[in-house]
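Data first, discussion second: the structure below is written as C-alpha cells.
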Amino acid sequence: MSVRVRFAPSPTGYLHVGGLRTALYNYLFARHNNGKVILRIEDTDRTRLVENAADNLIQSMKWAGIEFDESPVLGGDYGPYVQSERFGLYKKYADELIDKGLAYYAFDTGEELTAMREKQQAEKKDPKYDRDTMRNQFTLGEEETKKLIDSETKYVVRLKVPMENIKFHDLIRGDVTVNGKDIDDQVLLKSDGFPTYHLANVVDDHLMKISHVIRGEEWLPSTPKHVILYQAFGWDIPEFAHLPLLLNSKKQKLSKRHGSVAVEDFKNQGYLKDAFVNFIALLGWNPTADRDIYTMDELISLFNIEKVNKGGAIFDLNKLKWFNEQYLRTIFTEKELVPILKDTLADKGKDNYSDSYLEEVIKLFKERVSFIQDIPDFAPYMFAEIEEYEEKYFNKHWKETSADLLRPLMERFRAMQKFDHEAAHTLTKQYLEENEIGFKPVIHPLRLMITGKSVGAGMFETMEVLGKDECIRRMETFLEKHG
Ligand code: GLU
Numbered sequence: 002m003s004v005r006v007r008f009a010p011s012p013t014g015y016l017h018v019g020g021l022r023t024a025l026y027n028y029l030f031a032r033h034n035n036g037k038v039i040l041r042i043e044d045t046d047r048t049r050l051v052e053n054a055a056d057n058l059i060q061s062m063k064w065a066g067i068e069f070d071e072s073p074v075l076g077g078d079y080g081p082y083v084q085s086e087r088f089g090l091y092k093k094y095a096d097e098l099i100d101k102g103l104a105y106y107a108f109d110t111g112e113e114l115t116a117m118r119e120k121q122q123a124e125k126k127d128p129k130y131d132r133d134t135m136r137n138q139f140t141l142g143e144e145e146t147k148k149l150i151d152s153e154t155k156y157v158v159r160l161k162v163p164m165e166n167i168k169f170h171d172l173i174r175g176d177v178t179v180n181g182k183d184i185d186d187q188v189l190l191k192s193d194g195f196p197t198y199h200l201a202n203v204v205d206d207h208l209m210k211i212s213h214v215i216r217g218e219e220w221l222p223s224t225p226k227h228v229i230l231y232q233a234f235g236w237d238i239p240e241f242a243h244l245p246l247l248l249n250s251k252k253q254k255l256s257k258r259h260g261s262v263a264v265e266d267f268k269n270q271g272y273l274k275d276a277f278v279n280f281i282a283l284l285g286w287n288p289t290a291d292r293d294i295y296t297m298d299e300l301i302s303l304f305n306i307e308k309v310n311k312g313g314a315i316f317d318l319n320k321l322k323w324f325n326e327q328y329l330r331t332i333f334t335e336k337e338l339v340p341i342l343k344d345t346l347a348d349k350g351k352d353n354y355s356d357s358y359l360e361e362v363i364k365l366f367k368e369r370v371s372f373i374q375d376i377p378d379f380a381p382y383m384f385a386e387i388e389e390y391e392e393k394y395f396n397k398h399w400k401e402t403s404a405d406l407l408r409p410l411m412e413r414f415r416a417m418q419k420f421d422h423e424a425a426h427t428l429t430k431q432y433l434e435e436n437e438i439g440f441k442p443v444i445h446p447l448r449l450m451i452t453g454k455s456v457g458a459g460m461f462e463t464m465e466v467l468g469k470d471e472c473i474r475r476m477e478t479f480l481e482k483h484g
C-alpha cells in the first residue's frame, strides 16, 4: 500500500503551533515512507471563514520547510484541494447512506433542538439527539417525510449510529472501543446543503486515497463516527494516529489566551526557522535519548509514529529559547546569520555596514544573546556613537586617578602597528606590570570609555572589531569631558 497522508486545516486566520506539529509529523511520516503528503483546506464551516486564511497557512508552512506533494497551489490528481470547491460532490454520498438506511432526514428546528437539550440537562442526561422522540424520518414515517421534502421543508441528514461497539486501532494509543450508544447521531449534511466536517472529511480522505490519518488528539472523539461512515460506505478504513495535546507550562491546553500560539508570531519574534522546527518536532516524540538537535533529514530518517507519546507535550518557551541559542551558537555560521542582523539594522535605518564587519560583530555577541535581532540593543555602541554612559558603572569605576592611568595607555594603543585583541591585551598587561597596577582600575574605565556599558563581550575583542582609530577616538572624546 502506498503511503498518502494529509494535513487538513480549517482556515482560522493563522497556523497554530499545534497545527504545525501535525503538519510536520505528517510530512516526516510521508518522507520516511516514500509517500505523499497532501494539503487539503477544510472550509466547510462557512460561518467561520477568514479571508486569505489559506494563504497565511501555506506561507507559515513554507517558512517551516514543509513541502506538500499535492495542494490547492500545486494541484494534483485528486483535486480540488479546497472543500468549498468540492461542495457539489458530498450530497450524493449523504443520499447513498439514506438509501442504505444508514442515515436519515431530520426536520427539527433550532428551538426544538434547544428544548431537547434543556430537557436532557434537567434530567442529568448526556446531550444527544433523541432519534425516538424528535421529528425525523423514523418518527414521522416515510410518507410524511417525503411530503415534507417535496414541499421543500428544511432538513438535515443525520448518521444513524448503530447501538453496538465501535472498534478501531490507533498507532499511538492502541485499540480503542467506544459504545455506539454514547455517540451522537451526527449531522452529515446541513440544512443549507453543505456537508459537516465529518462527512466531507471521510469522503475526501477516501477519494484522495489517504492511507494514514495523523491528527491531533482533539479529533479522537470524532474517529468512531468516521469509522461508522467508512463501514457504512463499505470503504477501507485508513490507519489512525492521534497526536498528544500541546500544553502550556501550567499543563493547560495551549491557547491564545495565554500567549502566542501562531507560527507567524514566533517567526516575527526572531526565532530561527531550523531551531523552531527542531523544537516543534520534539513535542511528543524523542528520536534518540542522547541529544536534542536534529536536522530535517535526520528527523525524516528517524521518524517512527509508534514512538510518539500518548501524554500531553509541554510547550516550554524556555526550551524553545534554548534551541534558538544552540542554533545560533553552534549550528549556524556567522556568515549565515549576517542577513538577519542586516535586516534588523535596516529596520532601524542603518544600512551602511559591510558583511565582514557584521560577521565580526555576530562572532562577538552570539554567545550573549538569544536572538541575533537583540544584538543592536545589547551592543548599540557597535552601530552608533555612545549616547549615554551607564551612570552606576561610571560612578563606581571612574575615579580621580582614572584619567592619569588611561591617557598613557591610550597613547600606547595609538602607537601600535598591528591592532588585534591579543596585541592589545599583551600591551595592556605590560603597562599594568610596569606600573604595578591591578587589572580592575584600568579595564572597567576602558570598557566605560569604549562601550558606555557595564556588560558586553570580551573587551579587547570588542576593541579589535571597532578598530584602533575608533577606539582612540572614543577614548579622546571621553577624556575631553572627564579627563
Ligand atoms: N479540519 C480539521 C482541523 O481543523 C481536520 C481534522 C482532521 O485532520 O481530520 O484540524
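Okay, so the sequence shown: first residue is 2 according to the numbering used here, each after it adds one. Glycine is no exception: its CB is placed at the ideal position from the N, C-alpha and C atoms.
Asked, Found
"At least 3 beta-carbon pairs within less than 8 Å: the segment 99-115 vs the segment 123-141", "yes"
"Same chain, Cβ closer than 6 Å to H17, five either side skipped, listed in chain order", "V262"
"For G20 and I167, the rounded distance between their alpha carbons", "28 Å"
"8 Å contact criterion, which S61 and V264 should meet: CB distance rounded", "4 Å"
"Beta-carbon spacing of Y91, A201 below 7 Å", "yes"
"Any non-hydrogen atom of the ligand GLU within 6 Å of N57 CB", "no"
"Distance between H227 and N34 (C-alpha atoms, nearest Å)", "25 Å"
"Three-way DSSP call (helix, strand, coil) for Y328 in this model", "helix"
"Proximity of R408 and L428 at Cβ, strictly below 7 Å", "no"
"Contact check, F366 vs A385, beta carbons under 7 Å", "no"
"Run of the alpha helix (DSSP H) containing G19, from where it starts to where it stops", "V18 to H33"
"Cα-Cα separation, K161 to S212", "26 Å"
"Contacting residues, own chain, Cβ-Cβ under 6 Å from F461 (five flanking each side not counted)", "H422, A425 and H426"
"CB of P446 within 7 Å of CB of W399, strictly", "yes"
"Buried or exposed by the 16-neighbour rule on C-beta atoms within 10 Å, applied to K243", "The sequence shown places His at residue 243, not Lys. It is buried - the Cβ of H243 has at least 16 other Cβ atoms within 10 Å."
"Option in K397, K393 and Q327 with minimal Cα separation from I373", "Q327"
"Length of the line joining the Cα atoms of N180 and D237", "21 Å"
"Contiguous alpha helix (DSSP H) assignments of at least 4 residues, all confined to the segment 96-143", "111-123 and 138-141"
"T334 versus S250: straight-line alpha-carbon distance, rounded", "32 Å"
"Check: P245 C-beta below 6 Å from any heavy atom of the ligand GLU", "no"
"Assigned exposure category for R258 - 16 Cβ within 10 Å defines buried", "exposed"
"Any non-hydrogen atom of the ligand GLU within 6 Å of A9 CB", "yes"
"Closer than 6 Å: E1 CB and nearest the ligand GLU heavy atom", "Residue 1 falls outside the range modelled here, since the chain spans only 2 to 484, and no answer is possible."
"Range covered by the beta strand (DSSP E) that runs through L170", "Reading off the sequence shown, one finds His at residue 170, where the question assumed Leu. Taken as a continuous stretch (DSSP letters only), the beta strand (DSSP E) holding H170 covers N166 to D171."
"The ligand GLU heavy atom lying under 6 Å from the CB of E218", "no"
"Spatial distance of T331 from F316 (CA atoms)", "23 Å"
"Check whether L284 and R22 have beta carbons under 7 Å apart", "yes"
"Near the ligand GLU: E71 beta-carbon under 6 Å from a heavy atom", "no"
"Residues near T296 in its chain [Cβ-Cβ closer than 7 Å; skip 5 each side]", "none"
"Inter-stretch contact at 8 Å, needing at least 3 Cβ pairs: the segment 147-156 / the segment 111-125", "no"
"beta-carbon E43 near the ligand GLU non-hydrogen atom, thresh 6 Å", "yes"
"Sequence-distant residues of its chain with Cβ nearer than 6 Å to A233 (five each side left out)", "L98 and L103"
"Secondary structure of P245, DSSP reduced to three states", "coil"
"Where the beta strand (DSSP E) through L190 begins and ends", "V188 to L190"
"contact_flag[the segment 354-365, the segment 291-311] where n(CB pairs < 8 Å) is 3 or more", "no"
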